[in-house]
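Protein chains in written order, with our numbering: chain A, 1 to 53; chain B, 1 to 358; chain C, 1 to 319. Glycine included, every Cβ here is placed at the ideal spot set by N, Cα and C.
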Amino acid sequence: MEHMGLEPGRLHFSWISSAESTKFVDVAKKVTEEVKALGSKDKKYVKSKPKVA
Amino acid sequence: MKAIKIAKTEFKAGLDKLESAYRLYGPVKEKQYYTFKALDKGEKPDLDYTNTRMSAKSLIYPQAEVTFEYSLDKNDDDYAILKEPAKDYAPRAVIGIRPCDADAFAVVRRNFETPEYQDPYWLSNMDATTLVGLACNTPPSATCFCTSAGSGPFNDKNLDVLLVDNGDHFLARVLTEKGENLTRTAGWTTAAENADVVIESGKAASEAAFSTTVHTERLKDQSLIGLYEAEAAIWEKEAFACINCGTCTYACPTCWCFDVQDETYGKSGVRIRNWDSCMFPLFTIHASGHNPRGQKVSRIRQRFMHKLKYYVDKYDKGIQCTGCGRCVRLCPVNIDIRRVCNQMNSYNPESCSCEVTS
Amino acid sequence: MTTYIDKIKEISKRLLRDGKVDMVIGFRKGSLPMMNQPMFARNEGDVDSFVWDSSCGVNLANYVTDRSERIGIVAKGCDSRNLVVHIIENKIKRDQLYIIGVPCTAMIDRHRIAAMVPGEIESIEENTADGTITVKGEGFSETLNKADLLQENCALCMHRNPVIQDEPVADPVPEQSPDDVDRYAKVREVESMSPEEKWAYFDDLFSDCIRCYACRNACPLCYCPTCFVDESKPQWVGKSIDPTDIRTFHFLRAYHCAGRCTDCGACVRSCPMGINVRALTKKLEKDCLEQFDWESGLTLDKRPPLDVFRPDDPEEFIK
């Protein structure tokens, strides 16, 4: 994904078991903060309407 | 119909004048190949070109086009109502289209404008467009076979203006009211004497130089069932190499099939019409899951039968092909419609054989 | 390499005559310069149409999946690796195939050649003796070095000789090594760009894509009965030419080929718009080599890295 131009820091991987609820909360909070800090870049990574004729 | 002469300097000046009244499109070189695109202010079409890689089809019939918009927000007044999107049908002109591509529009019109149904999107685009064609003084490519496919290097039946490059000037035939309006706006009004003589001799010279032809004279009389069932003689061999991509259908100016898809994002969405290809395996899949053309050989057979037999029988106006040669040039595995056409034309069901002429 | 054809024909005819195979897949002369058409021969008469030259870049392994016949197939190095992948993935059985191995000396890129001459090419002649190709058209005849005309993947190829074969048509050719050629030079160039530059690079690369799927269909690895882009319920990717959808299609397709792609170049060769589809797959190939020490299609004995789990698999990116 990074090779294609996605900014580093937007994609995170984590192993979390269903028994690790506190870890899940921590990771979710951390990822949300980190991605928010990167900004929306005019939403260029998100398609909201097809760009066609 | 009248003939005019346009000096090349006058031609450039005329294009500048046209910019205020028309959105201009023309062939432009991008990287290695030519393509039709909307010309920027001051940008000139490159009329030194042979032909574009993809046809001019997308100028009238875009590859992906929004046909409706809708809102899924229950609070909206127009909730769940299909609305026509705003479209721009301001006048536009295509400068330098080849006769084969212009003739293709006439072939396609038979499908999109019938007594029962008219395609409003295609027709609105077509009506807003003035076609200024450029004759082919020499065959653009060894793969061009327009002269035997119902078109020709100087064919002007489906153009509004035909330009013929004559050295330091163009000779032009102004053929329709749209053409009149355009040439008047551009200031191209100098009459040309003896233009017809020059144009006709250029046409004869160009047509004589075409090295590749297809034979179509027996297609109408061939038995449809006979051709359809010629699997061992024709279809299995031709179909083997095919990889079922959409290249031939997308490049072809006379192919018209499309798919309709809805795309919804949150509380609003659009209905889009996309080009589709009969070569794709899922083209004919039914809601039940049955696919009548699930096999590759059925799809290949269908494509060539459609272009060279069904269309011939239905409209009696020749084949659904204008000989532009793009499918021949672009097919990744070199499936050649000229070869198939000649096989279909010469096929003899009794002896279950056909002459492979190339 | 043009002398191979006699051996190819001899082997093919023998196989059909002795009833060892039901069909032999090869090439016949195309109707355009630098193009050949895949064909199948069911009898010795058909074999006479076979040709072999430096325009046989189509990957014939694309035509064997899910077939029930016994098939003779003319295979270059990359084709043979794809046959290995097919066998590992159960798309064909080893004993159905009689592989006619061709030690390949690289295929030429017709678009590259067309850009080097002033007009339309009418014919080409390969001069195997001195490694040149004479390209002729109206008003020109140019003799060029074959080494300058190669498909990009052929110029970087490390596996010219078939890795699996039943009968070779000639002695093996010398292989290039990573010391002669940096396979991943272009990938490194992109890796060193900033994220904005990378995004723009791929935007530009895919800007001409018309979703014809020639790349997908020419690829021997893409054999899914229903490709993810063709699904409607649910629709994973839009079907129009919206740039995000185009990028998603290419990106996901590359991912499906990760650890399997042999860089045969069929995708680029088949693209009508001349897009270098390999830009993503080459990066994944590099990652597989560096992280898993894996090159696809070299042996029937090992399963690919994305197919197996080893406790020592790299995972420093998982937190």
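Going by Cα to Cα distance, which pick from the options is closest to residue i?
i: A:VAL52; options: B:GLN261, B:VAL198, B:LYS267, B:PHE304; result: B:GLN261
i: B:VAL94; options: B:ARG271, B:LEU82, B:LEU18, B:ALA86; result: B:LEU18
i: C:PRO172; options: C:ARG67, C:GLU44, C:HIS159, C:TYR184; result: C:HIS159
i: C:GLN96; options: C:ASP166, C:SER270, C:LYS76; result: C:ASP166
i: B:THR322; options: B:PRO332, B:LYS307, B:ASP313, B:VAL333; result: B:LYS307
i: C:ARG94; options: C:ARG67, C:VAL117, C:CYS78, C:THR105; result: C:ARG67
i: B:ARG92; options: B:THR52, B:SER148, B:LYS157, B:THR185; result: B:THR185
i: C:GLU120; options: C:LYS7, C:ASP230, C:MET34; result: C:MET34
i: B:SER151; options: B:PRO45, B:SER277, B:ARG98, B:PHE280; result: B:ARG98
i: C:ARG28; options: C:LYS9, C:PRO178, C:LEU252, C:VAL85; result: C:LYS9
i: B:ALA3; options: B:HIS286, B:THR190, B:GLY226; result: B:THR190
i: B:CYS341; options: B:ARG299, B:PHE304, B:LYS314; result: B:PHE304
i: C:MET273; options: B:ARG53, B:ASP48, B:TYR25, B:TYR49; result: B:ARG53
i: B:GLU350; options: B:SER223, B:ASP316, B:HIS286; result: B:SER223
Since residue i contacts residue j with CB under 8 Å, what's their CB separation in whole angstroms?
i: C:ASP282; j: C:LYS186; result: In the sequence as displayed, the identity of residue 282 of chain C is Lys instead of Asp. About 7 Å separates the two Cβ atoms, so the contact holds.
i: B:TYR117; j: B:THR67; result: B:TYR117 to B:THR67, Cβ: 14 Å. No contact.
i: C:ILE25; j: C:VAL74; result: 7 Å
i: C:ALA214; j: B:THR247; result: 5 Å
i: C:PRO195; j: A:GLY39; result: No, C:PRO195 and A:GLY39 are not in contact; Cβ-Cβ is about 12 Å, not under 8 Å.
i: B:ILE272; j: B:GLU65; result: 7 Å
i: B:ASP101; j: B:CYS324; result: 6 Å
i: B:GLY202; j: B:ASN137; result: 6 Å
Does residue i have its Cβ less than 9 Å from a Cβ in chain C?
i: B:GLY323; result: no
i: A:GLU34; result: no
i: B:ILE272; result: yes
i: A:LYS52; result: Residue identity differs from the one stated: residue 52 of chain A is Val in this sequence, not Lys. Yes, because at least one Cβ of chain C sits closer than 9 Å to the Cβ of A:VAL52.
i: A:GLY39; result: no
i: A:TYR18; result: Checking the sequence shown, residue 18 of chain A turns out to be Ser, not Tyr. Not an interface residue.
i: A:PHE24; result: no
i: B:GLN343; result: no
i: A:SER21; result: no
i: B:PHE280; result: yes
Within 10 angstroms of the Cβ of residue i, are there 16 or more other Cβ atoms? Answer buried if so, exposed if not.
i: C:HIS250; result: buried
i: C:MET107; result: buried
i: C:ARG247; result: buried
i: B:VAL108; result: buried
i: B:HIS290; result: exposed
i: B:MET1; result: exposed
i: B:GLN302; result: buried
i: B:GLN320; result: buried
i: C:GLY259; result: buried
i: B:THR114; result: exposed
i: B:GLY96; result: buried
i: B:ASN75; result: exposed
i: C:GLU315; result: exposed
i: C:ARG61; result: First, the residue type needs correcting, since residue 61 of chain C is Ala and not Arg in the sequence shown. Per the 10 Å Cβ criterion, buried.
i: B:GLU360; result: Since the first and last residues shown for chain B are 1 and 358, residue 360 of chain B lies out of range.
i: C:ILE318; result: exposed
i: C:ILE275; result: buried
i: C:VAL190; result: buried
i: B:ILE81; result: exposed
Can you determine whether any heavy atom of the ligand ADP sits closer than 8 Å to the C-beta of residue i, and answer yes or no?
i: B:ASP48; result: In the structure shown, the ligand ADP is absent, as is every other ligand, since no ligand is present at all.
Please confirm whether residue i has its beta-carbon closer than 9 Å to some beta-carbon of chain B.
i: C:THR248; result: no
i: A:LYS43; result: no
i: C:PHE269; result: In the sequence on display, residue 269 of chain C carries Arg and not Phe. Yes - at least one Cβ of chain B is within 9 Å of the one on C:ARG269.
i: C:ASN62; result: yes
So, does the CB of residue i fall closer than 9 Å to a CB anywhere in chain A?
i: C:GLY259; result: no
i: C:PHE202; result: yes
i: B:VAL94; result: no
i: B:TYR70; result: no
i: B:PRO62; result: yes
i: C:THR281; result: no
i: B:SER346; result: no
i: B:VAL370; result: The requested residue 370 of chain B does not occur in the structure, where chain B is confined to residues 1 to 358.
i: B:GLU84; result: no
i: B:VAL66; result: yes
Please list, in chain order, the chain D residues whose beta carbon lies closer than 7 Å to that of residue i.
i: A:SER48; result: No chain D is part of this structure, whose protein chains are labelled A, B and C.
task: Could I get the ranges of all uninterrupted alpha helix (DSSP H) runs contained in the region 89 to 119 of chain B, with 4 residues as the minimum, in chain order?
output: 99 to 112
message: Restricting to runs no shorter than 4 residues, where is the alpha helix (DSSP H) found entirely within the region 259 to 286 of chain C?
response: 266 to 270
message: In chain order, what are the residue ranges of uninterrupted beta strand (DSSP E) at least 3 long that sit wholly in the region 95 to 158 of chain C?
response: 97 to 101, 121 to 127, 132 to 137, 140 to 145
Sequence ranges, beta strand (DSSP E) only - wholly within the region 130 to 212 of chain B, length at least 3: 161 to 165, 169 to 174
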